[in-house]
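Read through the structure below, which is laid out as structure tokens, and then see the notes.
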Amino acid sequence: LNFIDINTRICLAFLCAMDKIVVPFLLLTLPLTQSRNVEKVPSEGLFTEEDKVDILSQTNFDTTIYNQPVLYIVLYYNRWCGHCISFAPTYKQFAEQMADWSNVIKFAAIDCADDDNDDLCADHSIELFPSLKYFPVKSSSVKDGVFIEDHPRTIDQLSTKLTELIVKEYKLKQHTEWPNLNYIEENTAVESLYQNEEELNYVVIVFQNPESKEFLGEQLVLDSMKYKNILVRLATPQHQYAKQKQLNNTKASTNHLNP
């Protein structure tokens with residue numbers, strides 16, 4: 001069993017490989033460029049069936065959004081609105097990037113410029129465009145929808161804000177079908193995380209301050225959902241392993257342990 005500790009500026013992580021050679025693990029932040037070119041005013045809605053965005057209407061809103069096992073983000077827009085036209089590509093791109101999180105969060109949009117949707121948009125108290133609402137797991141009515149304040153406009157802003165909403169939802173309801181976003185207890189032995197887990201090849205523990213508002217550790221946990229052989233868990237810097245290895249968040253360090 002080989003251990004690698006990775007202490008980064010923001011968080012600390014280490015890989016535990018079972019019966020396999022440890023491979024480098026990189027946590028990258030990739031710059032994303034948003035086009036400044038404003039699209040032409042559309043004659044139809046701003047989204048198509050090819051996007052990772054569910055297209056809502058008066059007729060399918062309830063069946064799509066309510067009583068679902070995931071958190072839903074809904075964009076209310078007006079196809080003639082310049083801000084909506086500018087924001088739509090960002091929303092599409094973000095929904096595409098978050099496709100691997102579809103067991104936890106999904107995205108939808110409704111065009112309030114469509115006369116058929118007038119009553120629904122009015123019932124949802126939509127007065128400004130674009131507007132974002134989130135609907136918690138198993139929402140059952142319009143009353144469950146909550147406006148997302150300080151409308152996030154960029155990929156990074158969306159990522160941080162929506163991860164915050166996911167964490168809030170998890171802490172409130174502890175969804176067992178979601179990845180575990182709880183912090184492991186400070187005295188929990190690393191070995192206990194993979195005992196009786198034959199499918200696991202790697203265990204990744206991210207050490208970070210629970211008060212962190214960047215949610216990098218939580219994002220890593222959610223990113224790992226598609227890998228059945230990798231378990232990612234969160235821990236505080238006060239965990240016994242972090243103390244033993246004198247890990248801190250001021251400089252990068254790598255330590256190897258070969259028991």
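Residue numbers 1 to 259, in full-length UniProt numbering, belong to the letters of the sequence shown in order. Cβ atoms here follow ideal geometry from the backbone N, Cα and C, with glycine treated the same way. Keep in mind that this is a model prediction, so the values were computed, not measured.
CB of residue i within 8 Å of CB of residue j, strictly
i, j, result
"Asp-54", "Lys-106", "yes"
"Val-104", "Leu-158", "no"
"Phe-87", "Pro-130", "yes"
"Phe-135", "Asp-123", "no"
"Ile-65", "Ala-99", "no"
"Leu-222", "Pro-152", "no"
"Ala-95", "Lys-133", "no"
"Cys-84", "Leu-46", "yes"
"Thr-160", "Glu-214", "yes"
Residue i in three-state terms, based on DSSP
i, result
"Asp-100", "helix"
"Leu-30", "Unreliable placement is indicated for Leu-30, whose pLDDT of 36 sits below 50; the coordinate value is still reported in the next sentence. If DSSP states are grouped into helix, strand and coil, Leu-30 belongs with coil."
"Lys-52", "coil"
"Ser-224", "helix"
"Gly-217", "helix"
"Phe-207", "strand"
"Asp-114", "coil"
"Phe-129", "coil"
"Phe-61", "helix"
"Thr-236", "coil"
"Leu-46", "coil"
"Leu-200", "coil"
Of the listed residues the options, nearest to residue i (C-alpha basis)
i, options, result
"Val-190", "Cys-112, Thr-90, Gln-208, Val-204", "Val-204"
"Tyr-183", "Tyr-194, Glu-177, Glu-198, Phe-207", "Phe-207"
"Leu-162", "Lys-173, Ile-148, His-175", "Ile-148"
"Glu-198", "Ile-126, Thr-90, Glu-164, Asn-229", "Asn-229"
"Trp-80", "Cys-112, Val-167, Val-74", "Cys-112"
"Asp-118", "Gln-58, Glu-185, Val-137", "Gln-58"
Can you check the stretch 133-197 for any alpha helix (DSSP H) of at least 4 residues that lies completely inside it and give the ranges in chain order? Qualifying alpha helix (DSSP H) stretches, in chain order: 155-173.
Could you tell me which whole beta strand (DSSP E) segments of length 3 or greater appear in the stretch 63-96? 71-77
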